[in-house]
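Asks: In my numbering, the protein residues as written are 918 to 1198. Every residue, glycine too, gets a C-beta built ideally from N, C-alpha and C. This one's a predicted model, so the numbers in the text were calculated from it and none came from an experiment.
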Amino acid sequence: MTTFIVTAGMIILFLLGIPVGYSLGVAGLLAYFNEMGSRVNIPMLAQRMQYGVNNFLLLAIPLFILAAKLMNTAGITTRLFNFARLLVGFLPGGLGHANTVASLIFAGMSGAAVADAAGLGQVELKAMRDEGYDDDFSVAITAASSTIGPIFPPSIPMVIFGLVAEVSVGRLFLGGVVPGLAMTVALMIMVAISARRKNYPRIPFPGFREIIKGFSHAFLPILTPIILLGGIWSGQFTPTEAAAVAVAYALVLGVAIYREIGLKDLGQIFIATAKETAAIG
């Protein structure tokens, strides 16, 4: 009976256009009231809900989201895309490959598809449109490459799964490396096939000097996933501590080195982070 109530409740709420988070919450409350009957204890319910999110590991979620938003505001995504463009832009469908490689690098910093699509995606779409790529292809590869974020470590869904299943988040991160790389290669193969069919442009090989120059501009951001994953797998810090390190590093880059982030920007970033974290919660 409880399963029927939960399923029917969610379907009805979905059909009414209620957001998924609210629908799940209402369905859960219906199941709770059905099971408890007259023994419903509202204070205990509130306590259990608070206890469910009172976990040190979950702190990694808002911190990774905050780090990604800081990097987007600091212009780090533009530097990453420019480097990826120099690195693989000479291949058939060059900007499609650059799109995918940049998403892989950014995945090692953010852990979320939304952060990739919202920040890096804007840079990628503009560049691809300017070069004459079809909108359907540009949007498709941007959306597809952004999903590398939840697969390649550090991954926010892996943090949540590790907490619920009570397994090592560090091991989950390690298990996401090969699938993330395999997905990147598969997308690049698809881009190459589409580029040959549609005769998409590619840039001339820029030369190793230009590639090294582009790498030097993106070197500090590229260090981020190396610091995070190296620190986690070597046992220097936990996933939550790694997220805090990512925030501190992004602040240093955005405020002190690149000077792209001001006090006004920080306020907007914190508010956006809180909203996105609440949506996940």
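#1: In the DSSP assignment, find the unbroken alpha helix (DSSP H) run with Asp1033 in it and report its ends.
#2: Considering Thr995, what are the terminal residues of the alpha helix (DSSP H) in which it resides?
#3: What does a CB cutoff of less than 7 Å around Ala1030 pick up in its chain, not counting 5 residues either side in sequence?
#4: Give me the residue from Leu1008, Ile1174, Lys1192 and Ala1191 with the minimum Cα distance to Met988.
#5: Quick one, are the C-beta atoms of Ala1159 and Pro1096 less than 8 Å apart?
#6: Using 8 Å for Cβ pairs, my map puts Leu1091 next to Gly1079. What's the rounded Cβ distance?
#7: I'd like to know if the region 1178–1192 and the region 987–1004 are in contact, where contact means that at least 3 CB-CB pairs between them fall below 8 Å.
#8: Measure the C-alpha to C-alpha separation of Met1105 and Thr1017 and round it to an integer number of angstroms.
#9: Does the separation of the CB atoms of Ala1112 and Gly1049 fall below 8 Å?
#10: Can you check which of these residues, Val1102, Ser1055 and Ala1032, is closest to Lys1043 by C-alpha distance?
#11: Leaving aside the five residues before and after Ala1223 along the sequence, list all residues of the same chain whose C-beta is less than 7 Å from its C-beta, in chain order.
#12: Buried or exposed: which applies to Ala985, given that a residue is buried once 16 or more other Cβ atoms fall within 10 Å of its Cβ?
Replies: In short, the structure shows the following:
#1: It is not in any alpha helix (DSSP H) - Asp1033 carries neither H nor E in the DSSP assignment.
#2: Its alpha helix (DSSP H) spans residues Ile993 to Val1005.
#3: Within the same chain, Ala1030 has close Cβ partners Ser1063, Thr1064, Gly1066 and Pro1067.
#4: Comparing Cα-Cα distances from Met988 to each of Leu1008, Ile1174, Lys1192 and Ala1191, the minimum goes to Ile1174.
#5: Contact: no.
#6: That belief does not hold up - the Cβ atoms of Leu1091 and Gly1079 are roughly 12 Å apart, past 8 Å.
#7: A contact exists between the region 1178–1192 and the region 987–1004.
#8: Looking at the two C-alpha atoms, the distance is approximately 7 Å.
#9: Taking 8 Å as the cut-off, the Cβ atoms of Ala1112 and Gly1049 do not count as close.
#10: Distance check between Lys1043 and each of Val1102, Ser1055 and Ala1032 places Ser1055 closest, using alpha-carbon atoms only.
#11: Outside the displayed range of the chain (918 to 1198) lies residue 1223, so it cannot be described from this structure.
#12: By the 10 Å Cβ count, Ala985 comes out buried.
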